[in-house]
Amino acid sequence: MTYRLGVDVGGTFTDLLLFDEENGKFWRHKTPSTPHDSSEGILTGVKAITAEAGVSAKDIAYFLHGTTVATNAVLEGKGAKVGLVTTEGYRDVMQIARSFVPGGLAAWIVWPKPQPLAHLEDTVEAPERMGADGKVVRALDEDAVRAALRQLKDQGIEALTVSLINAYVNGAHETRIGEIAAEELPGIPVSLSHEVLPEMQEYERTLSTVANAAVRPVVSKYVSNLRNKLEDEGLEGKLSLLRSDGGLMSSQKAEEHPVNILMSGPAGGVTGALWVGKNAGLSNILTLDVGGTSTDVALIEGLEARRVRTTEVGHLSVRASALDVKTVGAGGGSIAHVPELTGALRVGPESAGAVPGPVAYNKGGELPTVTDANVVLGYLPEDLLGGSFQLDREGAKKSVQTIADALGVTLMEAARGIIDIVNENMFGALRMISVQQGYDPREFALMGFGGAGPLHVNAVAKLMGSWPAVSPVSPGVLCALGDATTQMRTETARSFSKLAKDTSIADLQVVLDEMADQTRGELLADGVAEDQITSQFEVDVRYAGQAFEVPLTIDKAVLENDGIEGILARFDEEHLRLFTFNMDTPHEIVNLRAVALGVAPALPANELPKGDGDPAAAKIRDHTLWMDGKEQAAVIYDRAKLRQGDTIPGPAIITEMDSTTLVESGCIAVVDAVGNILINPKAEG
1 MTYRLGVDVG GTFTDLLLFD EENGKFWRHK TPSTPHDSSE GILTGVKAIT AEAGVSAKDI
61 AYFLHGTTVA TNAVLEGKGA KVGLVTTEGY RDVMQIARSF VPGGLAAWIV WPKPQPLAHL
121 EDTVEAPERM GADGKVVRAL DEDAVRAALR QLKDQGIEAL TVSLINAYVN GAHETRIGEI
181 AAEELPGIPV SLSHEVLPEM QEYERTLSTV ANAAVRPVVS KYVSNLRNKL EDEGLEGKLS
241 LLRSDGGLMS SQKAEEHPVN ILMSGPAGGV TGALWVGKNA GLSNILTLDV GGTSTDVALI
301 EGLEARRVRT TEVGHLSVRA SALDVKTVGA GGGSIAHVPE LTGALRVGPE SAGAVPGPVA
361 YNKGGELPTV TDANVVLGYL PEDLLGGSFQ LDREGAKKSV QTIADALGVT LMEAARGIID
421 IVNENMFGAL RMISVQQGYD PREFALMGFG GAGPLHVNAV AKLMGSWPAV SPVSPGVLCA
481 LGDATTQMRT ETARSFSKLA KDTSIADLQV VLDEMADQTR GELLADGVAE DQITSQFEVD
541 VRYAGQAFEV PLTIDKAVLE NDGIEGILAR FDEEHLRLFT FNMDTPHEIV NLRAVALGVA
601 PALPANELPK GDGDPAAAKI RDHTLWMDGK EQAAVIYDRA KLRQGDTIPG PAIITEMDST
661 TLVESGCIAV VDAVGNILIN PKAEG
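The opening residue of the sequence shown carries number 1 in UniProt numbering; numbering runs sequentially from there.
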């Protein structure tokens with residue numbers, strides 16, 4: 001028997017999901033995260049879940065892991081000290097950067113420019129020059145390079161980046177500097193720009209390679225430490241990490257190119273939502289992943305998650321494919337407060353985190369949070385996790401009363417105010433990825449997951465007009481499910497930079513074939529069987545003179561049938577959708593990318609036994625909660641006892657081990673064949 005174990009490490013909890021590949025049976029487990037060393041929490045979880053399932057660590061063939069180690073290193077400024085080698089005359093490339101200032105009109109007055117990841121004093125120049133055609137203009141001065149590298153060694157750098165002008169066309173000089181660095185700086189990891197990002201635009205290429213170098217020692221230490229601990233535990237299976245774009249990469253690759261796992265954490269939820277969507281017959285989905293600290297949202301159209309060419313973490317924006325996930329500081333632990341200056345209620349972005357957590361958790365928290373408001377309103381029953389976890393409702397009431405007093409309203413009005421504001425924050429993030437990208441949210445279902453997603457999904461669906469609101473199977477550990485149900489993926493890019501009218505299909509095919517061979521070779525080296533690899537291609541197109549491109553996916557058959565004109569027609573259509581206009585300017589083909597994919601495991605979803613539509617057998621007790629401005633009678637159900645076809649009118653609460661689903665008044669919930677809860681507005685009349 002073979003098992004797949006998905007593990008997702010979040011800020012508050014580490015989630016595990018163990019999947020039996022043969023019959024679709026799964027076990028899930030949540031354990032508190034251990035921020036000082038994530039592998040401790042992971043091992044605690046592995047021991048617990050294998051004991052519960054009655055399997056040994058040896059039976060786990062695949063260990064699939066989404067991690068925020070790289071993300072946190074960037075956000076907390078804990079990356080390595082990076083040395084940078086540039087072409088002579090280009091030492092200031094990181095300082096000059098792009099002249100983009102975030103924020104409103106006056107932002108440049110108050111915006112302190114973030115310190116580049118490679119400091120100016122740790123940047124040295126190499127006397128050399130490649131031409132834009134890839135021919136050597138000035139030979140590399142190796143003695144000067146050795147002297148410069150010794151200087152960096154004395155300055156105590158922990159990682160090295162080499163990024164030379166036009167290296168994306170010919171990386172020979174970078175490769176040679178890498179060889180010299182291996183002699184002069186033994187043990188220091190070296191990142192070469194033509195390997196990390198073989199695309200033009202020297203600032204973006206340098207920044208992405210420097211970011212790769214900065215997180216490399218941290219990620220490498222984490223991954224090798226985890227690998228050793230798992231081996232000690234008897235786990236012989238393959239360790240893979242989730243990439244920002246929703247595919248998997250081997251742990252060895254992740255150590256070399258960690259820039260590709262900067263958004264590994266949130267990507268798990270999106271890949272999990274894809275698996276649920278396939279089994280529930282939903283193809284257009286907006287995802288709402290609500291954790292303790294933040295909410296991540298993404299858009300899936302036709303069972304394809306929307307990808308972007310840049311990964312953004314804090315101030316850092318690097319060229320690495322990622323799922324288009326937007327994050328807002330609104331989660332279960334977000335703190336509510338009333339600033340004296342305005343006297344208006346605000347929620348977040350500050351969070352109570354895992355320590356001390358919300359007041360209701362009784363761990364020393366004193367400030368009112370979203371979770372406390374949910375407890376006060378009766379949306380979160382006091383006995384969570386099957387009664388093993390008692391919530392302190394009185395403490396929650398006391399804390400929310402401070403908000404009520406400050407606003408001069410009743411306790412319940414204050415609590416619902418907190419919930420309404422956090423729902424609006426989530427609504428704002430969802431608008432950014434739907435309405436602002438030219439999509440109509442009414443054509444999408446809204447799927448809520450993470451610990452608190454199902455509590456808010458019904459209310460947010462009302463704001464969006466996105467139905468049904470979906471509470472998937474095991475929503476609290478959906479990210480771990482996503483880690484377990486996705487496929488291996490790798491990609492490479494080349495700059496092409498030719499006007500479309502001067503390009504033939506043959507020109508494109510030569511480059512695409514080369515890149516396809518390279519990416520297939522990488523997956524073969526990672527142990528994926530030849531007959532399980534498929535290739536996809538992307539092409540970036542723009543109107544000549546524009547400063548940005550629109551990426552389009554293409555395949556060989558389409559290219560042969562529709563020709564270059566077919567690509568350009570699709571570009572015009574996409575440009576019109578994004579920007580509402582087209583231009584008469586000639587088209588330019590800027591970059592080409594090849595993606596190699598392994599096969600996604602065909603993990604089955606278990607069907608629930610059929611019911612007669614009456615959920616009485618799952619009823620735990622009657623309950624009262626506060627909704628629509630008044631106290632209302634509701635019922636609490638146990639999700640584990642629901643059967644397919646059961647129909648639950650709102651208001652109602654459905655509890656389970658890792659999450660709680662709230663069905664609002666005026667809505668009705670139905671359990672589908674595989675156990676997802678689909679909530680829709682009650683039909684009028």
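Glycine included, every Cβ here is placed at the ideal spot set by N, Cα and C.
Unbroken alpha helix (DSSP H) runs of no fewer than 4 residues, entirely contained in the segment 154-192, are found at 172-184, following chain order. MET488 and VAL270 have their C-alpha atoms some 15 Å from each other. Along the length of the segment 426-496, whole beta strand (DSSP E) runs at least 3 residues long occupy 445-449 and 469-471, reported in chain order. Looking at the DSSP output, GLY83 sits in a beta bridge with LEU160. With respect to the C-alpha of ASP324, the residue from VAL308, VAL318 and ALA330 having the closest C-alpha is VAL308.
Judged by pairs of C-beta atoms under 8 Å, the segment 2-19 touches the segment 45-64, as three or more such pairs exist. Sequence-distant Cβ neighbours of THR585 in its own chain, meaning closer than 6 Å and more than five residues away, are TYR543 and ALA544. Annotated three-state conformation of LYS501 is helix, per DSSP. For LYS47, the enclosing alpha helix (DSSP H) starts and ends at 38-53. With fewer than 16 other Cβ atoms inside 10 Å of its own Cβ, PRO186 counts as exposed. Inter-segment contact for the segment 327-347 and the segment 401-409 is present: three or more beta-carbon pairs are separated by less than 8 Å. As for any beta strand (DSSP E) of minimum length 3 sitting wholly inside the segment 591-643, the runs are 619-627 and 630-638, ordered along the chain. Note that the C-beta distance between ALA118 and VAL210 is below 8 Å.
In the DSSP annotation of this structure, the continuous segment of the beta strand (DSSP E) that includes ASP8 starts and ends at 3-9.
Distance from the CA atom of ARG431 to the CA atom of GLU443, rounded to whole angstroms, is 13 Å.
The alpha-carbon of ILE653 is positioned some 21 Å away from that of THR287. Residue burial is scored here from C-beta neighbours: ALA373 has at least 16 other C-beta atoms within 10 angstroms and is therefore classed as buried. In this structure, THR311 sits away from LEU241, with a CB-CB distance that is not shorter than 8 Å.
For GLY378, the closest alpha carbon among the candidates GLY329, ARG416, VAL338 and LEU226 is that of ARG416.
Per DSSP, the continuous beta strand (DSSP E) segment holding THR311 begins and ends at 307-313. Under the rule that a run must span 3 or more residues, the beta strand (DSSP E) segments found entirely inside the segment 339-395 read 346-351.
Of the other Cβ atoms in all chains shown, 16 or more fall within 10 Å of the Cβ of THR87; this residue is therefore buried. Cα atoms of ILE533 and SER321: separation of roughly 19 Å, rounded to the nearest angstrom. No residue range can be given for MET583, since it is assigned to no alpha helix (DSSP H) and is classified by DSSP as neither H nor E. Comparing alpha-carbon positions, the option among VAL74, GLU40, GLY482 and PRO116 lying closest to ARG91 turns out to be PRO116. LEU367 is positioned such that its CB atom lies no closer than 8 Å to that of LEU380. C-alpha of VAL169 to C-alpha of HIS65: approximately 35 Å in a straight line.
Distance from the Cα of VAL590 is smallest, within the candidate group GLN155, VAL290 and GLU549, for GLU549.
Approximately 6 Å separates the beta-carbon atoms of ALA298 and ILE433; this is inside 8 Å, confirming the contact. Here SER659 carries a coil assignment [DSSP, helix/strand/coil]. Around the C-beta of ILE648, 16 or more other C-beta atoms lie within 10 Å, and the residue is accordingly described as buried.
Taking a contact to require three or more Cβ pairs closer than 8 Å, the segment 444-461 and the segment 667-681 qualify as touching. In this structure, DSSP gives MET94 a helical state, which the three-state scheme calls helix. PRO441 is positioned such that its CB atom lies no closer than 8 Å to that of SER471. It is roughly 6 Å from the alpha-carbon of ALA148 to the alpha-carbon of VAL124. By a beta-carbon distance limit of 8 Å, HIS173 contacts ALA167. Their separation comes to about 7 Å.
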